[in-house]
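Peer 1:
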Amino acid sequence: MRLPASYPMALLAALVALTPVYVLLTLASDASNVFDSHNLAILGNTLSLMVLTVLGSILIGVPLAFISAYVHVPLKKMWLVVFAAPLAIPSYIGAFTLYAAFGPGGEINQLFGIVTPPMYGLSGAAIVMTLYTFPFVMLTTRSSLLSLDASMVNAARTLGMSMTMSVFKVILPRVVNGIAAGALLVALYTLSDFGTPAMMRLDTFTRVIYVEYNAFGLNRAAMLSLQLMCIVGFLLFLESQIKTATERHGRPLILFPKPWQVAALFATFAPVLLLAIGLPLAIFSLWLARDGLAEFDFSIAWHSAYASGIAALVAVIVAIPVAHAALSGKAGRIMERITYFGFGIPGVVMGTALVYAGLQLPMLYQTLALLVIAYVLRFLPLAVGSVRTSTEHMDASLVKSARVLGASPREAFTRITLPLTARGIVAGAALVFLESMRELEATLLLGPTGFETLSTYLWRVYEAGYFGRAAIPGLLLVVISACGLAIMLSGEKRSN
Numbered sequence: 015m016r017l018p019a020s021y022p023m024a025l026l027a028a029l030v031a032l033t034p035v036y037v038l039l040t041l042a043s044d045a046s047n048v049f050d051s052h053n054l055a056i057l058g059n060t061l062s063l064m065v066l067t068v069l070g071s072i073l074i075g076v077p078l079a080f081i082s083a084y085v086h087v088p089l090k091k092m093w094l095v096v097f098a099a100p101l102a103i104p105s106y107i108g109a110f111t112l113y114a115a116f117g118p119g120g121e122i123n124q125l126f127g128i129v130t131p132p133m134y135g136l137s138g139a140a141i142v143m144t145l146y147t148f149p150f151v152m153l154t155t156r157s158s159l160l161s162l163d164a165s166m167v168n169a170a171r172t173l174g175m176s177m178t179m180s181v182f183k184v185i186l187p188r189v190v191n192g193i194a195a196g197a198l199l200v201a202l203y204t205l206s207d208f209g210t211p212a213m214m215r216l217d218t219f220t221r222v223i224y225v226e227y228n229a230f231g232l233n234r235a236a237m238l239s240l241q242l243m244c245i246v247g248f249l250l251f252l253e254s255q256i257k258t259a260t261e262r263h264g265r266p267l268i269l270f271p272k273p274w275q276v277a278a279l280f281a282t283f284a285p286v287l288l289l290a291i292g293l294p295l296a297i298f299s300l301w302l303a304r305d306g307l308a309e310f311d312f313s314i315a316w317h318s319a320y321a322s323g324i325a326a327l328v329a330v331i332v333a334i335p336v337a338h339a340a341l342s343g344k345a346g347r348i349m350e351r352i353t354y355f356g357f358g359i360p361g362v363v364m365g366t367a368l369v370y371a372g373l374q375l376p377m378l379y380q381t382l383a384l385l386v387i388a389y390v391l392r393f394l395p396l397a398v399g400s401v402r403t404s405t406e407h408m409d410a411s412l413v414k415s416a417r418v419l420g421a422s423p424r425e426a427f428t429r430i431t432l433p434l435t436a437r438g439i440v441a442g443a444a445l446v447f448l449e450s451m452r453e454l455e456a457t458l459l460l461g462p463t464g465f466e467t468l469s470t471y472l473w474r475v476y477e478a479g480y481f482g483r484a485a486i487p488g489l490l491l492v493v494i495s496a497c498g499l500a501i502m503l504s505g506e507k508r509s510n
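Residues in the sequence shown are numbered from 15 upward in steps of one, following our numbering.
(1) Measuring straight from C-alpha to C-alpha, what distance separates L373 and L250?
(2) Within the stretch 171-255, note down every full alpha helix (DSSP H) run reaching 4 residues or more, in order along the chain.
(3) Rounding to the nearest angstrom, what Cα-Cα distance links H317 and L327 in this structure?
(4) Starting from the C-beta of L458, find all residues in its chain whose C-beta is less than 6 angstroms away, skip the five residues before and the five after it, and write them out in chain order.
(5) Considering only the alpha carbon of each residue, which of V246, R452, F208 lies closest to L199?
(6) Between Q275 and A281, what straight-line distance do the alpha-carbon atoms span, to the nearest angstrom?
(7) How far does the alpha helix (DSSP H) with V363 in it extend, from its first residue to its last?
(8) Tell me the rounded alpha-carbon separation between G482 and T111.
(9) If you draw a straight line from the C-alpha of C497 to the C-alpha of A337, how long is it?
(10) Ends of the alpha helix (DSSP H) at P273?
(11) Return the bridge partner residues of V167 from the DSSP annotation.
(12) Could you check the C-alpha separation between M23 and P395 for me, to the nearest Å?
(13) Do you know how far the Cα of P131 is from the Cα of I334?
(14) What does a CB cutoff of less than 6 angstroms around V390 pick up in its chain, not counting 5 residues either side in sequence?
(15) Let me make sure I understand the geometry here. Which of M364, F465, S158 has the alpha-carbon closest to that of L240?
(16) Could you have a look at F19 and say whether DSSP puts it in helix, strand or coil?
(17) Buried or exposed: P88, going by 16 or more other Cβ atoms within 10 Å of its Cβ?
(18) Do A55 and F355 have their C-beta atoms closer together than 8 angstroms?
(19) Could you give the distance in angstroms between the alpha-carbon of A478 and the alpha-carbon of L232?
(20) Taking the alpha helix (DSSP H) that M143 belongs to, which residues open and close that run?
(21) Reducing DSSP to helix, strand and coil, say where T428 ends up.
(22) Mind checking L17: buried by the 16 CB within 10 Å criterion, or exposed?
(23) Going straight from the alpha carbon of F312 to that of F150, what length do you get?
(24) Quick one, are the C-beta atoms of N59 and T218 less than 8 angstroms apart?
(25) CA-CA distance, V398 and G75?
(26) Unbroken alpha helix (DSSP H) runs of length 4 or more, entirely within the stretch 452-503: which are they?
(27) Rounded to a whole number of angstroms, what is the C-alpha to C-alpha distance between I314 and F80?
(28) Helix, strand or coil: which one does DSSP assign to Q124?
(29) On the CB-based measure, 16 or more other CB atoms within 10 Å of its CB, does V332 come out buried or exposed?
(30) Would L460 and L490 be called neighbours here (beta carbons separated by less than 8 angstroms)?
(31) So, for T144: in the same chain, excluding its five sequence neighbours on each side, which residues have a beta-carbon less than 8 angstroms away from its beta-carbon?
(32) Check whether the stretch 134-143 and the stretch 184-198 touch, using three or more Cβ-Cβ pairs below 8 angstroms as the test.
(33) Work out the CA separation of Y203 and E466 for me, nearest whole Å.
(34) Between the Cα of I439 and those of E406, L238, E455, spot the shortest distance and give me the residue it belongs to.
(35) Need the endpoints of the alpha helix (DSSP H) that F357 sits in, please.
(36) Is it true that the CB of Y370 sits closer than 8 angstroms to the CB of L41?
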């Protein structure tokens, strides 16, 4: 039996995706202590941050999902975008601005004379992570709510149950899977984030791995990376076990609140949106007005765009055969799933593994090529998913007709498949580009000497204490991230 032409490239991509794990195992084999009291403290901080963030995201995300799905309010679509907008701001930007704004001597204290509590440690990190992850819970829960049939709620109301009791006894039990899916996404994001714990001075796995790397403790960093990957792997396993409940679509539930109830709802959640969106934009605008543009070198933005553009191009070139292999048979689907492994590896872990690989291959060490490899390994699944979805929706009879009329497989691909899946390819490339622009951890570890990007410049400014110089890179990253959110929401709209 002849193998599909896409299999060799897909197999190569899968083997490369497993390379970081092999490297970490090799490095960690030389580590002296597998687990000690310091590890226990790091584990406690990491799990505490994860649990607090998940709880906070559920408390905010579930009510907002209910409002955006069922409550009839003016400009409903606009409010959905506003509720999802925190996803357009990288959490480390939020951590930077909240750290600078709060506490004695902070921007709020200087402007208004109000002394606010400082924002750092476990509480500060949990607040920041909650502000920028609750949309995950909101979007997955909202999707589950929209798939429900309102007839059961109407029946419960007819039998005398109040609306509040109907929510807790009829609606919420049917969307538990959606809430759990969002909560697991929040947990994975929290475990993999480096910037927020580092800026909040909280010792989690990602921060300590970076510290060990800077102290030339690669073996220790590798051991900590593997421990973190075990936790991430367990969460990914749990995520794979969650099956979204499906129901017959029926009449959607629509609630018409009174004006005072609408006002109360928005007054409740306004502080969350102001902290997550309004405060960072206000702080960056203040710094821009105070310090101007003179101190910023715009070649830094070009570095970010250049490296991210190359990564996006390489990612879609690799994603096309991987996506087609996934649609060709069971072996191809396995290879595709292996490539998704890189997306579950935190950037600091990926960076640690590739630093060691670069040391073994001097022609790659401290080069742009190694940084691009890290971007591709991390974000290849975004391109694969986009290309595969567009290919699945293509009419397969068109390719068969071309083959019957004498076209070779290559000609059928270039003249039929490629043009019809171009939208998915472009969307996948755009997502990889935007995520690469935001990536902080891998860029810090793997960027060539003197090669500064927007994210690493922001980190250096934070370390040096020159907060005013963060205005331009911060605002640029917010705009770039907003473009990524727009692509994501437009893709969801087309899917619906």
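Built from N, CA and C at the ideal position, the CB exists for glycine as well.
Peer 2: Taking the structure as given:
(1) Straight through space, the alpha carbons of L250 and L373 are spaced by roughly 30 angstroms.
(2) List check, alpha helix (DSSP H) in window: 177-180, 190-206, 209-213, 219-228, 232-255.
(3) Taken atom to atom, the span from the alpha-carbon of H317 to that of L327 is near 16 angstroms.
(4) The residues T470, in chain order, have a CB closer than 6 angstroms to that of L458 in the same chain once the five nearest residues on each side in sequence are set aside.
(5) For the residues V246, R452, F208, the minimum Cα distance to L199 belongs to V246.
(6) Looking at the two C-alpha atoms, the distance is approximately 10 angstroms.
(7) Counted as a single uninterrupted DSSP element, the alpha helix (DSSP H) harbouring V363 occupies residues 361-374.
(8) So the alpha carbons of these two residues sit roughly 11 angstroms apart.
(9) Cα-Cα distance, rounded: 24 angstroms.
(10) Unbroken alpha helix (DSSP H) run through P273: 273-287.
(11) The partner list for V167 (beta bridge, DSSP) is empty, contrary to what the question assumes.
(12) Between the C-alpha atoms of M23 and P395 there is a straight-line separation of about 15 angstroms.
(13) Using only the alpha carbons, I get a separation of about 51 angstroms.
(14) Result list for V390: A325, V328, A329, in chain order.
(15) If we check each option's Cα against that of L240, M364 comes out closest.
(16) Here the sequence assigns Ala to residue 19, which means Phe is not the residue at that position. A19: coil per DSSP, three-state reduction.
(17) Burial call: exposed.
(18) No, the Cβ-Cβ distance between A55 and F355 is not below 8 angstroms.
(19) It is roughly 25 angstroms from the alpha-carbon of A478 to the alpha-carbon of L232.
(20) For M143, the uninterrupted alpha helix (DSSP H) run begins and ends at 135-160, by DSSP.
(21) Here T428 sits in helix by DSSP.
(22) Answer is exposed; the Cβ neighbour count stays below 16.
(23) Each residue's Cα considered, the two are about 33 angstroms apart.
(24) Yes, the pair counts as a contact, with Cβ atoms nearer than the cut-off.
(25) Whole-angstrom Cα-Cα distance: 28 angstroms.
(26) Complete alpha helix (DSSP H) runs here, min 4: 455-460, 468-478.
(27) Going from the Cα of I314 to the Cα of F80 covers about 42 angstroms.
(28) Residue state, collapsed to three classes: helix.
(29) Counting C-beta atoms within 10 angstroms of its own C-beta, V332 has 16 or more neighbours from the protein chains shown and is therefore classed as buried.
(30) Not a contact, by the Cβ cut-off of 8 angstroms.
(31) A distance below 8 angstroms between beta-carbons, with the five flanking residues on each side excluded, links T144 to the following residues of its chain, in chain order: L66, T67, G70, S71, I74.
(32) With a cut-off of 8 angstroms, the stretch 184-198 and the stretch 134-143 do not count as touching, because too few Cβ pairs lie within range.
(33) Note on geometry: alpha-carbon atoms of E466 and Y203 lie some 25 angstroms from one another.
(34) Ranked by Cα distance from I439, the first of E406, L238, E455 is E406.
(35) Going by DSSP, F357 is part of the alpha helix (DSSP H) stretching over 355-358.
(36) Against a cut-off of 8 angstroms, the Cβ pair of Y370 and L41 comes out as a contact.
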